[in-house]
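Line order of the protein sequences matches chains U and Y. First residue of the first sequence? That's 0 in numbering that gives the first Met the number 0, and the numbers climb one at a time after it. First residue of the second sequence? That's 0 in numbering that gives the first Met the number 0, and the numbers climb one at a time after it. Contents: one structure, followed by commentary.
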Amino acid sequence: MTRWAMVADLRRCVGCQTCTAACRHANATPPGVQWRRVLDMEFGEYPNVQRAFVPVGCQHCDDPPCMDVCPTTATRKRDDGIVTIDYDLCIGCAYCAVACPYQARYKTQKALFAYGKATESEAKRHDDARLAVATKCTFCVERIDAGLEQGLRPGVDPEATPACVNACISGALTFGDLDDPQGNVAQLLDRTQHFRMHEELGTGPGFYYLWDKVS
Amino acid sequence: MTYGPNPWQQTSWDARAAGNFMCGGAGAGLIVFAALSGANGPALSGLLLAGLALVGLGLFCVFLETGRPLRAINVLFNPRTSWMSREAFTAALLFAVGVATVIGWTQIPWLAVALALFFVYCQARMLRAAKGIPAWREPLIEPLIVATGLCEGGGLFLLAVPLHGAGTLWLLAVFGALLIVRVLAWLAYRRRLAGTTAPGAAAALDNAGRILLYAGTGVPLALVALIVAGAVSGSQVPLFAALAGLPATLAGSYLKFALVTRAGFNQGFALTHLPVRGQPR
């Protein structure tokens, strides 16, 4: 089986937001909608302050609460672990948004553009189907599927890899098949200490955070 | 935009979503009390129709909140796992059975009562399934939502006593017992939340809880006790019953309003470990 997963190395992330920009460019999301965003967290008090940049977004959970609550079956999970939304089924009730512990879902009621009026590019890529429904990170599923059809390896070949991972300037983001013991993700997790966000909720996130080498 | 690790109030569900829980719970409770009262004829019909209208109003509030209301029928597609789908199915059956009772196809409103109870239970499970909101996913929210729905319905029933004239001392005692169950459910729920919910959510809940405790429980219980003890009689009874019902209903409704629109804080983001860089600290 294949289980696509993402890894964020918190030691490497510098908070440059290039992944956020790349995601917005690749997925044409409107202003205020960041399927991949990077939190800037500060901990402690002067002079013992530590800062962490934390990429967040849909965690493509093993047991996604958004899917269970969805009354329309618009939210589904594929066999490879990617959680998808059928924009033609979604009624925009936002139940999934309150069920998601990762604040990964957005609903945009009307068309918004960066400078008010749509630029040529925005007009070309605007999709009415994504208005007034739930949207979120897809792990760039179209790139993955198209890449696999061409015999490429997601996470290894950039053409088949999510845009945020391709764009990361520090190599903090890694994407790959969790079930492949020789794959980049499994190897990385083997040699590092890691955690998943809000793991106590039992959602089984497909997003891992590295914080130290194995001692 | 960054939020940091602190929780913040969800903005996906607003007063329209709260309206579903407020109206739906009260409507379902009213149907239950109408059946329990033993009313029949126009009184029963009027109470059942009022209950159904409230349930319908609640669902209309949800309809207004959806981004794509013309696809509203899709809400029925996932009864396998979604309590929102189950709520919608139950509401459809409730309307059918309620109307059948009103037009005289059946004289037994008990099926409507069972459906009304399941409807309010669906609402409780809807909130519990919202894993992103600590104040909602707490399991004790289930008895709280069911109890307050019944109390609000009972309160409306008493409020309308001057109109329908139905009701017995026994029913007043049931109402009083439900008020006690509700406040106990509230206290247990609030205690379980202590220390796990955001300060803003706790403040909103405590404010609504105080109203529930004093105005929504103490005042109506005292009035009900006066009636049951025979301290008031005759033409004063409907007035005292109405005065007991009104605050019980309003306090319960406000609790649900606050729960959805004021106490719906998420849990933010939390790192269990900080990244280790450079010199170990």
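C-beta: ideal position from N, C-alpha, C; glycine also. Please read these numbers as outputs of a predicted model, since none were measured by experiment.
Query: Residue burial classification, Y/I179 (beta-carbon count within 10 angstroms, cutoff 16); Result: exposed
Query: Ranges of the beta strand (DSSP E) found wholly within the segment 170-213 of chain Y, counting only runs of at least 3; Result: none
Query: With 16 other Cβ atoms within 10 Å as the buried cut-off, status of Y/S11; Result: buried
Query: Element boundaries [alpha helix (DSSP H), containing U/N165]; Result: 162-166
Query: Residue-level contact to chain U via CB, Y/Y2, 8 Å cutoff; Result: For Y/Y2, the predicted model reports a pLDDT of 44, less than 50, meaning its position is unreliable and no value from the coordinates is stated.
Query: Which of helix, strand or coil DSSP assigns to Y/H163; Result: helix
Query: Three-state secondary structure assigned by DSSP to U/N183; Result: helix
Query: Where Y/Y213 falls, given that 16 or more other Cβ within 10 Å makes a residue buried; Result: exposed
Query: Interface flag, U/F194 vs chain Y, CB-CB below 8 Å; Result: yes
Query: Alpha-carbon to alpha-carbon, Y/G37 and Y/V236; Result: 18 Å
Query: Ranges of the alpha helix (DSSP H) found wholly within the segment 23-89 of chain U, counting only runs of at least 4; Result: 64-68
Query: Per-residue contacts from Y/N77 into chain U (C-beta, under 8 Å); Result: C69, P70, T71, T72
Query: As assigned by DSSP and simplified to three states, the class of U/V155; Result: coil
Query: C-alpha gap between U/S169 and U/P54, whole angstroms; Result: 13 Å
Query: Three-state secondary structure (DSSP) of U/A4; Result: strand
Query: Residues of the segment 106-122 of chain U with Cβ closer than 8 Å to any Cβ of chain Y, in chain order; Result: K106, Q108
Query: Chain Y contact residues for U/R10, given Cβ-Cβ distances below 8 Å; Result: P274, V275, R276
Query: Beta-carbon proximity of Y/L46 to Y/L29, cut-off 8 Å; Result: yes
Query: Collapsed DSSP secondary structure at Y/A38 in the structure displayed; Result: coil
Query: Residue-chain proximity (Y/R15, chain U), Cβ-Cβ < 8 Å; Result: no
Query: Minimum C-alpha distance to Y/F94 - residue among Y/F20, Y/P6, Y/A113; Result: Y/A113
Query: Partner residues on chain Y for U/A96, Cβ-Cβ distance less than 7 Å; Result: S11
Query: Alpha-carbon to alpha-carbon, Y/P198 and Y/L204; Result: 10 Å
Query: Short Cβ contact (8 Å threshold) for Y/G148 with Y/A243; Result: no
Query: Alpha-carbon to alpha-carbon, U/Y105 and U/D8; Result: 25 Å
Query: Secondary structure of U/K106, DSSP reduced to three states; Result: strand
Query: The segment 82-100 of chain Y contacting the segment 156-163 of chain U, beta-carbon criterion three pairs below 8 Å; Result: no
Query: Cβ pair Y/A207, Y/A257 closer than 8 Å; Result: yes
Query: Nearest candidate by alpha-carbon position, reference U/F174, set U/P153, U/A96, U/C167; Result: U/P153
Query: For Y/W104, the nearest candidate out of Y/A129, Y/W135, Y/G40 (CA to CA); Result: Y/G40
Query: Start-to-end residues for the alpha helix (DSSP H) that takes in U/W210; Result: Where U/W210 is concerned, there is no enclosing alpha helix (DSSP H), although the beta strand (DSSP E) it sits in stretches over 206-212.
Query: Which of helix, strand or coil DSSP assigns to U/Q149; Result: coil
Query: Contacts of Y/L270 in chain U (Cβ-Cβ under 9 Å); Result: L9, M40, F42, A51, V53, F194, M196, Y208, W210
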